[in-house]
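Asker: The sequence shown begins at 2 in the numbering used here and counts up by one. Every residue, glycine too, gets a C-beta built ideally from N, C-alpha and C. Before we start, here is the structure in question, set down as structure tokens.
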Amino acid sequence: MIKLEIPPRFKVRGWLSDEDFQRILEFSKYVGRDRGFSIFELSDEKAKESGLGPVDILRELEELKDSIPQQDLETLREYLRRKGTVKIGLNSSSEVVISSELMLKPYLQEYLAQLKYSKELRSYIAKPYLYYDLVRHLNSKGIIVDDKIGLLERAKLPRQVKFVGQLRPYQQEALDAWSKNNNRGVIVLPTGAGKTVVAIAAIAAANVKTLIVAYTKEHVKQWSDAIRRFTDAGGLLGAFYGDEKSIGDITVTTYQTAYRYVRQLSPRFALVIFDEAHHLPADKFKAIAEYMLAPYRMGLSATAVREDNKQEEVFPLVGGIVYQKSASELMQEGFLAPYVIRRVTVKLAPEEQKLYDELRKRYASFAMGRTFQEVLEAAKKGEQNAIQALRIRAQMQSIVQESRSKLDKVVDIAKQELNKGSKIIIFTQYKRQAEELAQRLGALLIHGGLEREARDRALDEFKKLKSGVLVVTTVGDEGLDIPDANVGILVSGTGSRRQFIQRLGRLLRPMPGKTAVLYEVVASGTSEVVQSKKRREAVGD
């Protein structure tokens, strides 16, 4: 073992040109001359001032190796590698640990707000999502990184997966934008535009072990079926949710399961795909994005916004929005069915309107000029005025949603469309309302209170019909795939732009000669008018 002098000195034989002398002074101090050699001493301070890391200094010394005695060169190499190496590994909590004899703070300046410092370990601690960013950042600073995690090397697929589908031009654009962003980013495309196919093409392109996080068990099956359809990766597939805990090289799981097992899943996968990525801002789902090590990330969503704007907190954890196209753009290009949105207004009965107006005044007095979101946050903290405001608001919504005139209009529209041979989906927020409409129209029904098998039977039966009615609650907002449905009736909902885009998207699967129609049945003189305006802004209507 070479005994290291701290800081080490080294000799350079002969006379140096002014240029070489100045280069060496960028990371060393000149000590003097001795028997035909110039003597220098390494200087951390001068190296930092010059912006040179250990790798940069080694590169400079290697260019002068014919002029430096072999033993001095070996001493310098060992010193710089030991002192200039940063180790990156995992602790027992699956967090990333960054340690070195280097003074790391100057090199990690951009990340300090996201790191914790452990005096005991003399190391920085980072959440796993920063792992690959830190490796690349330190490498760019000329620092030798001893990556004990080595995820990209470990997580290559055992064979090249072949994508056997064909991407539409905008899907290829989305994939290219994601690839150019270091295999990271959120892709925003409307329902029916084929986001899943883009993600499957990305799996084949990256060719690394992949975790797909879907919202429901039904989506897990849909993803598995789609991967088998568009690739030759069937033998690599696993499903990890509920009672099924099979981890494959390409594994599909649910948000709930991924949250519970994130520390077990994290070290296995180099690519994570978040389906319906607008769910990520929920605190526990955000933890999935934070605790996965995966350097490659993709988010898929039908909309870039949430009503609480929390997408701004989470989308950066996936890489930010890299590609976006609206339903109207894709309709104009012929990739989605043309559509018409028709607002149909009804009046509340006089006694309903009177009670509604009285409640609205009471709500305003308790809300005290605050937005609904502000009232909601205050109620969560236990503020009594806010809690009372929410109770009154619920009464107002009940008056609107249970209005006879509104339900009668929905039934009239549905019957008129049935006479034209339409295939109709009625969207409502409320189970009781859904059951009444299904009973009055003799329609098929899907809501969250039904057993999975009953919901599947209703969906399968509706798919086989040429014309008919299906009534769905919010359980149908995601994952409902009925390409020939051409009419939607929006009975009750929220002002959510995301929900509106999803519901419209259920009707936009293109078919020859198809024009989709979405009816909004709105009670005039109520908050529904404002909600309708807010929703329609999402599609530029």
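In whole angstroms, what separates the C-alpha of A288 from that of V136?
Answerer: Distance between the alpha carbons of A288 and V136: 21 Å.
Asker: Please classify F41: does DSSP put it in a helix, a strand, or coil?
Answerer: Strand at F41.
Asker: Helix, strand or coil: which one does DSSP assign to I342?
Answerer: Strand.
Asker: Would G52 pass as an interface residue toward chain C - the criterion being a Cβ-Cβ separation below 8 Å?
Answerer: In the structure shown, chain C does not exist; there is a single protein chain.
Asker: When DSSP labels each residue in this structure, what does D148 get in the three-state scheme?
Answerer: The answer is strand: DSSP assigns D148 an E or B state.
Asker: Within this structure, are the beta carbons of S51 and G15 separated by less than 8 Å?
Answerer: Result no, Cβ atoms of S51 and G15 do not sit closer than 8 Å.
Asker: Mark E6 as exposed unless 16 or more other C-beta atoms lie within 10 angstroms of its C-beta, in which case mark it buried.
Answerer: Residue placement at E6 is poorly supported in this model, since its pLDDT is 47, which falls under 50; the coordinates are not used for a value here.
Asker: So D276 packs on L294, CB below 8 Å; how close in whole Å?
Answerer: With a Cβ gap of about 20 Å, D276 and L294 do not count as contacting.
Asker: Please go through the region 359 to 422 and give each complete alpha helix (DSSP H) segment of 4 or more residues, from N-terminal end onward.
Answerer: You should have 373 to 381, 385 to 402, 405 to 420.
Asker: Quick check on the burial criterion: 16 or more other C-beta atoms within 10 angstroms. Buried or exposed for Y216?
Answerer: Answer is buried; the Cβ neighbour count reaches 16.
Asker: So V165 and F231 are in contact, right, with Cβ under 8 Å, and what is the actual spacing, rounded?
Answerer: Their Cβ separation, rounded to whole angstroms, is 6 Å, which keeps V165 and F231 in contact under 8 Å.
Asker: Output the residue ranges of the alpha helix (DSSP H) runs that lie fully inside the region 152 to 212 and measure 4 residues or longer, sorted by chain position.
Answerer: Those alpha helix (DSSP H) runs which fall completely within the region 152 to 212 and span 4+ residues are 152 to 155, 170 to 181, 196 to 207.
Asker: Taking DSSP's pairing of strands, which residues face M299 in a bridge?
Answerer: DSSP output for M299 lists G186, I274 as bridge partner(s).
Asker: Which whole-angstrom value describes the C-beta separation of S39 and F28, a residue pair presumed to lie in contact below a C-beta threshold of 8 Å?
Answerer: About 14 Å separates the two Cβ atoms, so there is no contact after all.
Asker: Please state whether the Cβ-Cβ distance between K381 and A524 is less than 8 Å.
Answerer: Their beta carbons are not under 8 Å apart, which means K381 does not touch A524 by this criterion.
Asker: Taking its Cβ as the centre, do 16 or more other Cβ atoms sit within 10 Å of T372, making it buried, or is it exposed?
Answerer: Exposed is the call here.
Asker: If you reduce the DSSP assignment to three classes, tell me which class S525 lands in.
Answerer: Coil, per DSSP.
Asker: Quick one: grab the DSSP three-state call for D461.
Answerer: The answer is helix: DSSP assigns D461 an H, G or I state.
Asker: Look at the Cβ atom of T429, then the Cβ atom of V476, and state whether they are nearer than 8 Å.
Answerer: Taking 8 Å as the Cβ cut-off, T429 and V476 do not qualify as a contacting pair.
Asker: Can you say whether E111 is buried or exposed, counting buried as having 16 or more other CB atoms within 10 angstroms of its CB?
Answerer: Burial call: exposed.
Asker: What first and last residue would you give for the alpha helix (DSSP H) that runs through Y242?
Answerer: From DSSP, Y242 is part of no alpha helix (DSSP H) but of the beta strand (DSSP E) over 238 to 242.
Asker: Tell me whether K196 is buried or exposed, calling it buried when 16 or more other Cβ atoms sit within 10 Å of its Cβ.
Answerer: Counting Cβ neighbours within 10 Å, K196 comes out buried, since at least 16 surround it.
Asker: Taking the straight line between their C-alpha atoms, what separation do you get for I150 and R78?
Answerer: C-alpha separation (whole angstroms): 24 Å.
Asker: If I measure Cβ to Cβ from T192 and keep anything under 6 Å in the same chain, skipping five residues before and after, which residues do I get?
Answerer: Excluding residues within five positions, the ones whose Cβ falls inside 6 Å are A303, Q503, G506.
Asker: What's the gap between the Cα of L53 and the Cα of I274?
Answerer: Taking the straight line from one Cα to the other gives about 37 Å.
Asker: Go ahead and pull the three-state DSSP assignment for E334.
Answerer: In the structure shown, E334 sits in coil (DSSP, three-state: anything other than H, G, I, E or B).
Asker: Roughly how far, in whole angstroms, is the beta-carbon of D148 from the beta-carbon of I89, given that I think they are within contact range, below 8 Å?
Answerer: With 8 Å as the limit, D148 and I89 qualify as a contact, their Cβ atoms being about 5 Å apart.
Asker: Would Y242 and L272 qualify as a contact pair, given that the criterion is a beta-carbon distance under 8 Å?
Answerer: No. Outside cutoff.
Asker: On the three-state DSSP scale, how would you describe G469?
Answerer: Residue state, collapsed to three classes: strand.
Asker: Buried or exposed: which applies to M2, given that a residue is buried once 16 or more other Cβ atoms fall within 10 Å of its Cβ?
Answerer: Only weak support is given to the placement of M2: the predicted model assigns it a pLDDT of 35, under 50, and the value that follows is read from those uncertain coordinates. M2 comes out exposed.
Asker: Drop a sphere of 10 angstroms on the beta-carbon of L190, count the other beta-carbons inside from all chains shown, and report buried for 16 or more, exposed for fewer.
Answerer: It counts as buried.
Asker: Quick one: what's got a C-beta closer than 6 Å to G33's C-beta in the same chain, skipping five residues either side?
Answerer: Cβ neighbours of G33 beyond the five flanking positions: I40.
Asker: With 16 other CB atoms within 10 Å as the buried threshold, where does K4 fall?
Answerer: Its pLDDT being 41, under 50, K4 is placed unreliably in this model, and the coordinates cannot settle the point.
Asker: Leaving out five residues on either side along the sequence, give the residues of the same chain with a beta carbon under 7 Å from the beta carbon of F463.
Answerer: Cβ neighbours of F463 beyond the five flanking positions: L445, G469, L471, I483.
Asker: Find out if the Cβ-Cβ distance for the pair V187, V319 is shorter than 8 Å.
Answerer: Yes. Within cutoff.
Asker: When you compare the region 177 to 185 with the region 201 to 213, are there three or more beta-carbon pairs, one atom per stretch, that lie closer than 8 Å?
Answerer: Touching, yes, given that three or more Cβ pairs across the two stretches are closer than 8 Å.
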